[in-house]
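As given, the protein sequences belong to chains B, S, U, V, P and A, one line each in that order. Using the UniProt record's numbering, read the first sequence as starting at 1 and increasing by one per residue. Using the UniProt record's numbering, read the second sequence as starting at 1 and increasing by one per residue. Using the UniProt record's numbering, read the third sequence as starting at 1 and increasing by one per residue. Using the UniProt record's numbering, read the fourth sequence as starting at 1 and increasing by one per residue. Using the UniProt record's numbering, read the fifth sequence as starting at 1 and increasing by one per residue. Using the UniProt record's numbering, read the sixth sequence as starting at 1 and increasing by one per residue. Let me begin by presenting the structure, written as structure tokens, before commenting on it.
Number of protein chains: 6
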Amino acid sequence: MSQVITFGEVLMRISPRGHKKFIQSNMVEFYFGGTELNVGISIANFGGSVKHISCVSDDFIGETAVSYISKFGVDTSALCFSKRPLGVYFFEVGAVMRPSNISYNRSHSSFSEILPSMVNWEASLEGGKWLHWTGITPALTQGSFDTLKEGLKLAKAKGFTISADPTYRSGLWKYGKDPKEALTELLNYSTIFIGGINEMNEVLGTDFSYSNDDFIEASKLLIEQFPSIEKVFDKIRTSVNASWHKIRARMWNGSEFRETEDLDITHVVDRIGTGDAFAAGLIHGLQELDNDYAAMEFASAACALKHTYEGDVNLATVKEVLGILGGNTSGRLNR
Amino acid sequence: MSQVITFGEVLMRISPRGHKKFIQSNMVEFYFGGTELNVGISIANFGGSVKHISCVSDDFIGETAVSYISKFGVDTSALCFSKRPLGVYFFEVGAVMRPSNISYNRSHSSFSEILPSMVNWEASLEGGKWLHWTGITPALTQGSFDTLKEGLKLAKAKGFTISADPTYRSGLWKYGKDPKEALTELLNYSTIFIGGINEMNEVLGTDFSYSNDDFIEASKLLIEQFPSIEKVFDKIRTSVNASWHKIRARMWNGSEFRETEDLDITHVVDRIGTGDAFAAGLIHGLQELDNDYAAMEFASAACALKHTYEGDVNLATVKEVLGILGGNTSGRLNR
Amino acid sequence: MSQVITFGEVLMRISPRGHKKFIQSNMVEFYFGGTELNVGISIANFGGSVKHISCVSDDFIGETAVSYISKFGVDTSALCFSKRPLGVYFFEVGAVMRPSNISYNRSHSSFSEILPSMVNWEASLEGGKWLHWTGITPALTQGSFDTLKEGLKLAKAKGFTISADPTYRSGLWKYGKDPKEALTELLNYSTIFIGGINEMNEVLGTDFSYSNDDFIEASKLLIEQFPSIEKVFDKIRTSVNASWHKIRARMWNGSEFRETEDLDITHVVDRIGTGDAFAAGLIHGLQELDNDYAAMEFASAACALKHTYEGDVNLATVKEVLGILGGNTSGRLNR
Amino acid sequence: MSQVITFGEVLMRISPRGHKKFIQSNMVEFYFGGTELNVGISIANFGGSVKHISCVSDDFIGETAVSYISKFGVDTSALCFSKRPLGVYFFEVGAVMRPSNISYNRSHSSFSEILPSMVNWEASLEGGKWLHWTGITPALTQGSFDTLKEGLKLAKAKGFTISADPTYRSGLWKYGKDPKEALTELLNYSTIFIGGINEMNEVLGTDFSYSNDDFIEASKLLIEQFPSIEKVFDKIRTSVNASWHKIRARMWNGSEFRETEDLDITHVVDRIGTGDAFAAGLIHGLQELDNDYAAMEFASAACALKHTYEGDVNLATVKEVLGILGGNTSGRLNR
Amino acid sequence: MSQVITFGEVLMRISPRGHKKFIQSNMVEFYFGGTELNVGISIANFGGSVKHISCVSDDFIGETAVSYISKFGVDTSALCFSKRPLGVYFFEVGAVMRPSNISYNRSHSSFSEILPSMVNWEASLEGGKWLHWTGITPALTQGSFDTLKEGLKLAKAKGFTISADPTYRSGLWKYGKDPKEALTELLNYSTIFIGGINEMNEVLGTDFSYSNDDFIEASKLLIEQFPSIEKVFDKIRTSVNASWHKIRARMWNGSEFRETEDLDITHVVDRIGTGDAFAAGLIHGLQELDNDYAAMEFASAACALKHTYEGDVNLATVKEVLGILGGNTSGRLNR
Amino acid sequence: MSQVITFGEVLMRISPRGHKKFIQSNMVEFYFGGTELNVGISIANFGGSVKHISCVSDDFIGETAVSYISKFGVDTSALCFSKRPLGVYFFEVGAVMRPSNISYNRSHSSFSEILPSMVNWEASLEGGKWLHWTGITPALTQGSFDTLKEGLKLAKAKGFTISADPTYRSGLWKYGKDPKEALTELLNYSTIFIGGINEMNEVLGTDFSYSNDDFIEASKLLIEQFPSIEKVFDKIRTSVNASWHKIRARMWNGSEFRETEDLDITHVVDRIGTGDAFAAGLIHGLQELDNDYAAMEFASAACALKHTYEGDVNLATVKEVLGILGGNTSGRLNR
């Protein structure tokens with residue numbers, strides 16, 4: 001597999017153990033994450049070659065982040081460093097009907113300083129074939145939007161496959177740019193759309209429903225308006241409660257609609273990064289597997305498996321994901 | 001909300017982490033609790049003003065208890081101190097069909113020394129409007145019965161609302177007093193009865209069944225025999241196993257019978273203090289919400305949420321409880 | 001109860017806490033186990049007198065193992081010591097559809113050195129009435145096969161009841177001996193067969209199905225071919241996923257077929273050692289309870305309860321197992 | 001003792017346990033601190049009445065901070081809340097010749113938003129007699145300088161004792177204000193100067209040496225130039241290495257120079273907040289003890305004791321500090 | 001070595017990790033101890049055969065205590081069980097000049113119920129040759145005094161060596177018995193006196209100083225007044241501070257005065273149980289080594305080594321103690 | 001700096017936290033180490049480019065090891081994988097006069113299988129300039145000796161600098177090879193000798209004393225007999241006890257004898273890997289610093305700093321080591 005490039009903020013996640021709240025214990029755990037990095041690390045865990053581009057703090061927390069990324073074999077040579085602190089988020093894991101809580105400290109982070117001049121895209125894209133981006137990055141600052149756009153432009157020119165997960169999070173987007181306009185600009189460089197009805201309605205200005213028929217219509221309209229986009233993949237979560245979810249996926253690849261069965265996750269360990277696990281599964285599958293449906297099935301099983309790992313990152317290997325697809329969903333012991 | 005007064009023993013709870021037994025690990029966690037304190041802290045977490053009255057040990061464990069109570073903003077100014085040690089209980093959390101185990105060390109605790117002369121009820125009740133008691137306190141010693149009774153008498157005279165959770169635990173009541181007689185005496189000062197068929201049968205000497213019809217009959221009889229009592233609220237637990245419970249509630253407020261839907265708690269984290277969470281929800285709801293049914297619904301959701309927190313105390317806020325009532329039982333992430 | 005003798009390797013189990021993988025945290029927990037030791041400790045927890053025979057390392061890890069075994073009151077006086085290290089296994093607990101992973105480091109362990117000359121069977125069996133063995137021990141080395149065989153021969157001569165759990169694990173058996181031949185030799189000393197269709201097919205060279213009819217046929221054939229065997233007990237696991245199992249048992253005691261109801265384990269804590277818990281329950285039950293069916297029911301409930309304890313060993317007492325059989329599967333609090 | 005008011009940023013401190021670095025373990029502990037809050041909590045631990053004024057985040061981290069402050073009985077009623085995140089610092093504890101490392105994330109914290117309009121000084125100072133400030137607060141933002149100045153002006157007018165610890169930290173002071181000018185302005189409201197030669201040279205523009213003679217000369221000049229200042233107290237640390245320090249103190253109270261003996265701290269547990277412990281000891285001592293020297297001795301012993309507690313805060317009681325002064329420096333067991 | 005019998009209360013010790021206070025963390029560790037049990041376990045760690053006699057609680061805490069004692073190979077067959085809870089003590093480890101704090105919860109513990117009728121001394125002493133007691137046991141209740149006395153009387157009659165560590169702790173002795181009188185009675189059965197000037201002054205009613213000359217005089221007087229006593233051993237601690245101690249020992253064996261060199265313990269890990277380690281070393285040494293001086297040297301090194309282990313119990317082996325005596329005090333690595 | 005190649009076994013180290021023994025807690029920590037890897041990681045922490053060559057297990061423990069090595073930026077591309085388990089060692093940290101204990105489980109590890117055919121030395125050495133080896137590797141198996149020798153031969157031919165740390169550990173060397181002969185063979189390829197009198201006496205068959213004069217004589221003789229060797233560096237440890245060491249170094253570089261001052265390490269955190277930190281400091285210094293003495297000083301300070309980190313590996317940066325050399329041995333806080 002040729003190299004996949006991911007670009008986005010690296011965040012330190014700090015959480016109490018288990019289901020505790022911060023008020024209950026002064027002992028907490030940290031991981032590093034960030035939606036695009038999560039995708040990158042998961043692909044590396046599938047055996048892929050990955051480079052992550054970001055800007056981290058020039059202190060021992062930044063060093064710890066670099067070391068964390070290196071630990072998974074992701075190439076850190078294109079990271080840049082800033083005097084500002086690394087972004088942090090605090091996370092309390094919910095249970096049953098209790099929602100999880102997140103509090104971010106990222107608005108003046110090291111990544112918030114990023115500018116096109118700080119990333120050597122020409123050098124960074126060398127040897128790569130795939131670039132992945134999400135809707136978080138353009139939502140942060142003008143600099144992060146500009147830097148991403150420059151990367152996409154160059155990658156497009158070099159013939160990269162470009163996957164977009166244009167998650168729209170309204171709490172971000174504070175620097176003045178109109179979200180719809182920004183995402184429209186960036187989607188024009190993209191070839192794979194990873195998102196559902198909400199994301200399509202956001203960029204199309206429509207109000208399609210969640211039905212499969214509407215999904216197909218929306219996908220067709222999306223491809224019409226963004227001719228570079230070839231395929232649309234959507235992951236659907238049904239939550240019984242915070243501890244019990246179901247996952248399935250559907251796709252429109254320009255000619256065919258397909259849908260997977262629900263995977264039942266009766267005991268959710270950690271739902272952070274499960275969308276990223278889906279994207280990573282897709283990027284792996286579209287490169288390595290026979291067809292789009294096989295890729296989507298792989299992505300869906302990868303996503304389901306991520307719910308069983310603590311932290312932001314899917315630790316599953318290809319063999320483990322294929323095990324699920326091969327019907328081993330009863331969790332037999334591997335000796 | 002005017003101040004709620006709670007009175008009762010403060011216990012230190014010591015448990016292994018997760019599902020371990022003491023024999024498995026020498027690393028354990030402690031919390032503080034006690035049924036009336038749990039009610040008080042939960043009301044404080046709902047934004048209420050609360051004062052807890054008790055007697056704790058005059059050593060670094062007592063200091064730690066005071067600091068724990070203060071941490072939740074509960075007023076500790078009326079606590080008294082004793083040379084005896086704080087009561088302790090050891091707790092092993094069960095799972096699935098394995099029951100939890102409790103072992104108490106409370107019979108000669110600091111609270112067991114309490115006497116009417118040690119509590120200045122006149123000063124302590126100033127600024128309050130509500131007093132809450134449970135059947136644990138009169139079961140401990142003659143002194144704790146007398147002290148409680150003196151407080152109830154004064155509170156009644158001052159026009160307080162008085163809520164009673166007359167839990168009957170037969171393992172206590174060792175100092176000679178007849179439980180039925182004692183509870184009868186104290187219920188005559190009370191206005192809100194929080195308890196079910198077992199508690200009513202105990203004080204009425206009847207044997208009503210668990211049916212709704214019998215619940216209504218029992219409530220009517222109770223109100224007849226204890227004319228100060230205005231309303232009866234009952235929380236009903238159905239246990240699939242130690243890890244999977246359902247909670248609903250019913251009430252008779254003198255004129256109307258109502259019942260809530262079951263709330264399904266598929267992954268119980270900790271069931272200690274869930275009855276106290278119900279009582280606290282009720283005390284909050286009866287003061288702040290539109291009607292008795294709304295209060296009971298709030299109490300029931302508060303009780304369900306408590307099952308998701310480790311420790312004795314409900315950490316939920318009003319907003320979180322209302323979230324459940326608003327239909328968000330799927331535990332979506334709060335960003 | 002007269003003394004039960006267990007013979008087999010003692011392994012150190014090292015696992016991350018909760019559902020973590022080794023790559024996620026450098027803090028791990030250790031226990032000691034080994035299938036025969038697990039049986040022995042569980043019987044000791046039922047109040048039985050047990051002696052475990054093995055060979056452990058002559059260093060602080062071996063000392064820690066001895067101390068762990070002593071902690072449960074199991075007699076360690078017949079252990080021998082070796083300059084080689086104690087066997088170790090690393091274990092990552094799965095969840096939902098994620099399988100658990102095991103990695104062994106046992107092939108040159110202290111136990112792998114064992115030879116008939118190192119165990120004084122005459123002295124060790126004194127005061128005993130029951131010897132338990134499993135298919136793991138003969139699979140390890142010629143020495144362990146020989147030592148076990150010598151013990152069985154003597155025990156048989158002394159009129160011991162001999163229970164066999166002839167688990168067949170194909171990854172072992174590397175020293176040249178043919179598994180079927182070895183197990184056949186050893187089963188000829190045994191009186192109780194604890195195993196299912198797979199184990200019977202293995203030693204009989206048949207291919208019976210999992211149906212009850214086939215189970216009965218297989219059992220009859222087994223008893224025909226191994227006349228010392230009197231009874232066959234089989235534990236059946238149905239896995240919804242790694243976190244949700246069901247357990248039931250069936251038996252053929254030469255004259256009667258019986259089957260228990262499924263016990264539903266909705267939240268599996270740790271499945272290691274659950275088969276050993278079944279065997280221990282059976283050994284206890286066949287000695288202490290009224291009949292074979294009662295023993296099998298006890299064994300089945302013991303097995304189910306083991307799923308709720310971390311580590312290799314069933315910590316349940318007789319009272320706790322009987323509680324389940326008495327219908328208390330809702331996990332009520334024991335005060 | 002009448003109420004002491006402290007004003008300053010509340011920071012969350014996150015550190016690995018023991019001597020570990022972040023790169024070594026993902027399990028860390030958090031405390032809350034901040035130089036002025038440390039002083040306030042220590043005074044509360046001496047039994048004093050304390051109110052802390054600050055601006056914390058309006059999320060579960062801010063709630064946890066409030067709860068932490070309440071736990072020590074410090075009045076939190078004057079705290080205000082901001083949408084920005086609470087300031088954080090990461091801390092790696094050094095050992096022997098290895099220095100400790102600190103990395104701050106505070107430049108856009110909730111406190112950085114503070115403005116005079118957000119603090120009701122009139123109400124907040126009611127019932128108080130003493131206000132304590134440090135050189136950190138005016139170094140942060142124009143708003144924090146202005147807010148502090150307004151408080152000092154009012155406190156001065158109300159006849160408060162005002163203690164200043166004008167620590168000069170050159171890494172701060174980024175908003176444009178000249179440090180010397182700012183400190184000069186604020187010192188003109190102050191009555192007790194807690195600082196050494198460096199701080200005096202900074203505000204006087206002199207270059208006195210560390211000798212006692214120079215200390216006396218510098219103090220005299222300081223009092224001449226800042227006539228509101230009555231007394232100067234200086235704590236002197238001699239470090240053998242990161243794990244072995246010595247502490248002594250000296251003073252000039254306008255008429256008398258005194259110096260304490262070195263206290264030898266052979267095994268430093270945590271040196272953060274030891275200067276704050278000195279200031280707190282002084283504020284307690286100047287109110288409660290016989291004379292300035294007794295206050296300084298108390299402060300010096302308090303400072304030494306703080307080196308034995310983990311976290312930012314001195315947990316010692318008056319009795320424990322007096323124990324040291326009474327000659328019990330051998331750490332006998334208190335039963 | 002023939003069996004050593006120890007008799008006394010088993011206490012659960014609960015402490016925060018490291019130097020933390022209870023107020024700082026809700027995660028704590030527990031051990032079991034008690035002065036006589038500590039002696040017993042240490043002797044077992046030296047390879048001795050030991051039986052401990054006590055009364056523990058009949059619940060899962062008592063079971064955990066029994067399992068803890070068994071873990072070290074100490075015979076638990078003579079323990080009795082009570083419905084009262086096991087005694088507990090809470091312990092905060094000091095550092096440098098900060099004293100450690102202890103708080104006991106033992107006055108109504110399971111051991112406080114002990115009566116002569118509950119111990120079968122005849123059976124318990126069978127196979128033993130040595131009985132060890134301390135001044136804690138007679139200080140607790142009339143029942144514990146009586147039970148001990150009965151055991152001593154029988155042991156004396158059977159020709160046991162009886163070692164006494166008559167520690168006088170004034171905070172105990174609340175049941176009415178005069179300490180001097182009680183100790184006098186019990187010392188009349190004893191042959192080895194382990195104690196210093198304070199203990200001798202207490203029982204003799206004298207006021208000898210700490211000098212060697214006075215030690216010799218006091219010992220002579222003691223032996224005169226208690227003719228069964230043959231030898232006196234005294235351990236002397238010099239504390240630089242809570243983290244730095246020195247240990248030496250001296251003896252009068254009726255004919256000879258000897259003294260050991262100071263052992264310098266520069267980094268005390270845990271000082272609880274160090275006196276018990278001395279007693280255990282002595283009991284081992286007097287049985288196994290050449291002469292009284294060798295025994296005292298062994299005891300002194302054992303005592304010093306105990307300062308390096310967490311918990312109440314000396315975990316050192318004979319080989320490790322002899323290593324110290326052989327001059328290896330530089331802590332070289334044992335491969 | 002051009003790439004440094006290290007070759008040797010990777011071991012998993014498992015230890016209790018703090019000063020605990022395995023018998024005291026079932027919670028332990030793991031790190032990875034191995035003398036040559038420790039050198040490699042330390043050089044990587046100094047900013048050097050490093051490749052480590054070894055053979056690890058083909059399971060999740062091997063993966064965790066690879067991830068650990070990658071985390072420090074060390075090149076893992078030349079690692080090979082084996083079906084055997086990774087070597088393990090168990091380690092109990094001593095304190096004061098208590099020695100640390102080590103127990104190895106390495107004799108049949110994945111590395112023990114290594115053969116020349118498994119390492120592509122030609123490819124592996126490409127881009128390198130320096131190869132480091134120690135006396136542990138040739139002591140393990142014939143295969144490891146042969147593989148190392150082949151690497152040395154090729155590296156020598158390519159003009160590499162070859163540093164040798166010929167530590168002689170008599171407990172190894174079990175496969176039949178004569179240590180002196182083996183080391184002699186390998187030293188003939190080496191240019192830098194890192195070792196002291198013991199190592200020189202071992203290979204020379206002499207018995208020089210520890211004096212500086214003897215060190216010079218021995219070094220001269222060594223260079224005479226091994227003409228490829230150019231320089232000899234010796235690190236000298238003086239242990240006050242297990243918690244208090246002193247470190248200095250001396251050298252003979254063919255023309256000059258130099259010696260550094262003692263560095264006093266009053267509170268040793270972990271002494272494992274301190275010799276490796278010295279070697280790494282030397283390899284860094286000889287490449288980057290002005291002269292041999294500067295390199296030795298750097299190495300000595302690096303070695304001293306390592307005593308302050310838990311685990312096998314020196315985490316110090318160049319800046320931190322230079323800080324010590326610049327006189328900052330008092331551990332001031334780095335903000």
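Note that beta-carbon positions come from the ideal geometry of N, C-alpha and C, so glycine has one too. Keep in mind the model is a prediction, meaning the values are calculated, not measured.
N- and C-terminal bounds of the alpha helix (DSSP H) containing M12 of chain V: Counting along the chain, M12 of chain V falls outside any alpha helix (DSSP H), though it belongs to the beta strand (DSSP E) covering 11-16.
Option in P:G205, P:L286, P:P99, P:G327 with minimal Cα separation from K129 of chain P: Nearest C-alpha to K129 of chain P among P:G205, P:L286, P:P99, P:G327: P:L286.
Whole-Å CB distance - residue 338 of chain V paired with S330 of chain A, under 8 Å assumed: No statement about residue 338 of chain V is possible, as the shown extent of chain V runs from 1 to 335 and does not include it.
From P:H284, P:K21, P:V321, P:L289, residue whose alpha carbon lies closest to that of S163 of chain P: Closest option to S163 of chain P, Cα to Cα, is P:H284.
Which listed residue (S:G18, S:G8, S:L315, S:I5) has its alpha carbon closest to that of residue 336 of chain U: Here chain U has residues from 1 to 335 only, and residue 336 of chain U is not among them.
Proximity to K158 of chain A [Cα-Cα], best of A:T184, A:S42, A:E122, A:F46: A:E122
CB contact below 8 Å: R332 of chain U versus chain S: yes
Within the stretch 148-189 of chain A, ranges of the beta strand (DSSP E) (whole runs, at least 3 residues): 161-165
Environment of P138 of chain S [buried if 16+ CB atoms lie within 10 Å]: buried
Distance CB(T167 of chain U)-CB(E199 of chain U) smaller than 8 Å: yes
Inside the stretch 70-118 of chain P only - beta strand (DSSP E) runs reaching at least 3 residues: 80-82, 87-92, 101-105
Where the stretch 280-298 of chain S meets chain B: residues whose CB sits under 7 Å from a CB there: For the stretch 280-298 of chain S, which is checked against every Cβ of chain B, not one residue is closer than 7 Å.
For I247 of chain P, the three-state DSSP class (helix, strand or coil): The answer is strand: DSSP assigns I247 of chain P an E or B state.
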